[in-house]
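Data first, discussion second: the structure below is written as structure tokens.
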Ligand SMILES: Cc1ncc(COP(=O)(O)O)c(C=O)c1O
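The following block contains the structure:
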């Protein structure tokens, strides 16, 4: 007897991520890796966290940190986050904030909250692979969200219904998206709100990279634009904002948050109670302390480092890529997205690259809900120094030039 035979149907949609498999290779010291979408560990504020954890374990909060706690999350942290939300135009109170174990948990809960099998999720083509992974467990279908196209709300709705379900939400990674590095324009954000209002669906705004802007004009979050339209009342909003400390302070502590109208937060609190009771309180206490005293100065350090690496990668791409290859020019975050001529396949190129050039990257097709995009690659500049970036892109340029000539 095989237990696989009695797994629920949802398990068939869960596949090992190509990226996770790839990460196993990256321990090999001679590989220049642009593959991992992870922060540079040399930039973690280790000393500051050491002091914060010491304080959390020796002060009056120690018992609190080691005891069971509320599902909503550590109140001082929710107060701090609500303050940050207000600074970017979102009229949130601490009651509009739920602390989650990373924003990944928020994506899972939101899938669980909204999706019945066969419902439709509107996503960009490509989109964050981890969001597809989280939603897949709830057996949706995907439709391509293209806010500035001619497709109307009625078109999206009709297709969702023809497929036997309902459209439930649009999911967007808004600033310096994973995987493309692109930012959703203000016009597209406004149009998403129009569409969502007309279709009566939710908007999930994934803001994991929001604090990592290097240059260009700041665009208000969708939730801020929606609240401004609706009399400054977050309770009238359908946008659900997912934030994270993973890209700014530490991914290992697994602290993220959801900011939304209270009925959504209250339902998510029930889900969190049922799933894991609450996120690790000691981690939340330490994050609250570090955020309160060091967030802006630390984020400035990260931005400066990543900005230099982005520039190094853009310069190297300009110098070494053959004609016919194009790439995005992100204003922040960690990623550049490369589009190759149609004849090339990113997965084949990776296999060849690991053999001959020892450069790793992520083939782009995994980020497409329909499995297209075979001629695309995701490059991360976050974990390599500028000299390695120059050398790695030179090697990649040689490889692509050779592949095009073959
Ligand atoms: C766009 C996006 N959203 C969410 C996440 C999840 O991050 P975390 O759960 O660490 O907050 C990631 C991580 O890579 C991401 O790139």
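Residue numbers (full-length UniProt numbering): 1 to 406. Yeah, the Cβ is synthetic: ideal placement off N, Cα and C, and Gly gets one too.
Residue i: CB within 8 Å of a non-hydrogen atom of ligand 1
{"i": "residue 29", "result": "no"}
{"i": "residue 244", "result": "yes"}
{"i": "residue 104", "result": "yes"}
{"i": "residue 254", "result": "yes"}
{"i": "residue 177", "result": "yes"}
{"i": "residue 173", "result": "yes"}
{"i": "residue 421", "result": "Given a span of 1 to 406 for the chain in the structure shown, any question on residue 421 remains unanswerable."}
{"i": "residue 40", "result": "no"}
{"i": "residue 221", "result": "no"}
{"i": "residue 128", "result": "yes"}
{"i": "residue 276", "result": "no"}
{"i": "residue 142", "result": "no"}
{"i": "residue 208", "result": "yes"}
{"i": "residue 131", "result": "yes"}
{"i": "residue 364", "result": "no"}
{"i": "residue 37", "result": "yes"}
{"i": "residue 94", "result": "no"}
{"i": "residue 251", "result": "yes"}
Proximity of residue i and residue j at Cβ, strictly below 9 Å
{"i": "residue 214", "j": "residue 332", "result": "yes"}
{"i": "residue 175", "j": "residue 240", "result": "no"}
{"i": "residue 251", "j": "residue 39", "result": "yes"}
{"i": "residue 103", "j": "residue 244", "result": "yes"}
{"i": "residue 100", "j": "residue 272", "result": "yes"}
{"i": "residue 427", "j": "residue 249", "result": "Here the chain comprises residues numbered 1 to 406, so residue 427 is not present and cannot be evaluated."}
{"i": "residue 153", "j": "residue 195", "result": "yes"}
{"i": "residue 107", "j": "residue 72", "result": "no"}
{"i": "residue 124", "j": "residue 337", "result": "no"}
{"i": "residue 361", "j": "residue 404", "result": "no"}
{"i": "residue 53", "j": "residue 282", "result": "yes"}
{"i": "residue 222", "j": "residue 193", "result": "yes"}
{"i": "residue 226", "j": "residue 237", "result": "yes"}
{"i": "residue 312", "j": "residue 390", "result": "yes"}
{"i": "residue 137", "j": "residue 13", "result": "yes"}
{"i": "residue 105", "j": "residue 10", "result": "no"}
{"i": "residue 384", "j": "residue 37", "result": "no"}
Neighbourhood of residue i by C-beta, 6 Å cutoff - its chain only, sequence neighbours within 5 removed
{"i": "residue 122", "result": "143, 145 and 170"}
{"i": "residue 48", "result": "290 and 294"}
{"i": "residue 32", "result": "359, 388 and 392"}
{"i": "residue 209", "result": "175, 176, 247 and 333"}
{"i": "residue 353", "result": "359 and 399"}
{"i": "residue 129", "result": "366 and 367"}
{"i": "residue 423", "result": "Because the chain is modelled from 1 through 406, residue 423 falls outside the range shown and cannot be assessed."}
{"i": "residue 298", "result": "45"}
{"i": "residue 211", "result": "248 and 299"}
{"i": "residue 27", "result": "none"}
{"i": "residue 163", "result": "141"}
8 Å contact criterion, which residue i and residue j should meet: CB distance rounded
{"i": "residue 310", "j": "residue 330", "result": "6 Å"}
{"i": "residue 268", "j": "residue 109", "result": "5 Å"}
{"i": "residue 126", "j": "residue 364", "result": "6 Å"}
{"i": "residue 173", "j": "residue 197", "result": "That belief does not hold up - the Cβ atoms of residue 173 and residue 197 are roughly 21 Å apart, past 8 Å."}
{"i": "residue 65", "j": "residue 55", "result": "Between residue 55 and residue 65 the Cβ distance is about 10 Å, and since that is not below 8 Å, they are no contact."}
{"i": "residue 369", "j": "residue 132", "result": "6 Å"}
{"i": "residue 224", "j": "residue 89", "result": "3 Å"}
{"i": "residue 335", "j": "residue 179", "result": "6 Å"}
7 Å Cβ shell around residue i - same chain, five flanking residues per side excluded
{"i": "residue 401", "result": "322"}
{"i": "residue 77", "result": "99, 284, 287 and 288"}
{"i": "residue 201", "result": "167, 168, 169 and 170"}
{"i": "residue 262", "result": "95, 96 and 235"}
{"i": "residue 41", "result": "none"}
Beta-carbon proximity list for residue i, same chain, < 8 Å, skipping 5 on both sides
{"i": "residue 140", "result": "111, 115, 117, 118, 119, 120, 121, 165 and 168"}
{"i": "residue 232", "result": "91"}
{"i": "residue 190", "result": "225"}
- Contiguous alpha helix (DSSP H) assignments of at least 4 residues, all confined to the region 320–385: Counting only unbroken stretches of 4 or more residues, the alpha helix (DSSP H) elements lying wholly within the region 320–385 are 346–352, in sequence order.
- Query: Can you list, in chain order, the stretches of the alpha helix (DSSP H) that have 4 or more residues and sit fully within the region 89–127?
  - Reply: If we require 4 residues or more, the alpha helix (DSSP H) runs fully inside the region 89–127 come out as 102–114.
- Task: Starting from the N-terminal side, write out each stretch of the alpha helix (DSSP H) that is 4 residues or longer and does not extend beyond the region 215–260.
- Result: Within the region 215–260, the complete alpha helix (DSSP H) runs of at least 4 residues are 222–229.
- Which ranges would you report for the beta strand (DSSP E) in the region 125–154 if only whole runs of at least 3 residues count? The DSSP assignment places complete beta strand (DSSP E) segments of no fewer than 3 residues inside the region 125–154 at 141–144, in order along the chain.
- Contained alpha helix (DSSP H) runs [length at least 4] in the region 28–65, N- to C-terminal order: Taking 4 residues as the shortest admissible run, the region 28–65 contains the following complete alpha helix (DSSP H) segments, listed from N- to C-terminal end: 46–58.
- Message: Runs of 4 residues minimum, wholly inside the region 288–315: which ones carry the alpha helix (DSSP H) assignment?
- Response: None, since the region 288–315 contains no complete alpha helix (DSSP H) of that length.
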